[in-house]
Amino acid sequence: MARGKYVACTKCKRILLRKELIQEGNKSKCPFCGNDKFASNYSNIVLILNPQKSQVARLLQKEEYGLFALTLET
Ligand SMILES: [Zn+2]
Numbered sequence: 003m004a005r006g007k008y009v010a011c012t013k014c015k016r017i018l019l020r021k022e023l024i025q026e027g028n029k030s031k032c033p034f035c036g037n038d039k040f041a042s043n044y045s046n047i048v049l050i051l052n053p054q055k056s057q058v059a060r061l062l063q064k065e066e067y068g069l070f071a072l073t074l075e076t
């Protein structure tokens, strides 16, 4: 995964492509939770494929499919 192209939302911890972000004025917003703060350095990436059956999803309290970063460096 090329760093720089992706950012992690500091609220829902979802990893997003910069171009996926909603542009509002000079701010970028997370299309999932509306947060406008992102971290470009992150680690411990988890992919949740099947939230209903995933132990990780339960642990993270995520109920959706997606790519998440557990550790954000801001
Ligand atoms: Zn978010």
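For the sequence shown, position 16 matches number 18 in this note's numbering, and the numbering has no gaps at all. In this text, a Cβ means the ideal position worked out from N, Cα and C, and glycines have one as well. Please read all numbers here as calculations on a predicted model, not as lab measurements.
Check, Outcome
"Of all the options Ser56, Ile47 and Glu26, which has the alpha carbon lying nearest to the alpha carbon of valine 9?", "Ile47"
"Alpha carbons only, please: which of Glu26, Cys11 and Lys15 is nearest the one belonging to leucine 62?", "Lys15"
"Grab the span of the alpha helix (DSSP H) containing leucine 23 for me, first residue to last.", "Here leucine 23 belongs to no alpha helix (DSSP H), and DSSP marks it neither H nor E."
"Tell me whether serine 30 is buried or exposed, calling it buried when 16 or more other Cβ atoms sit within 10 Å of its Cβ.", "buried"
"Taking the beta carbon of tyrosine 67 as the centre, do at least 16 other beta carbons fall within 10 Å, making it buried, or is it exposed?", "exposed"
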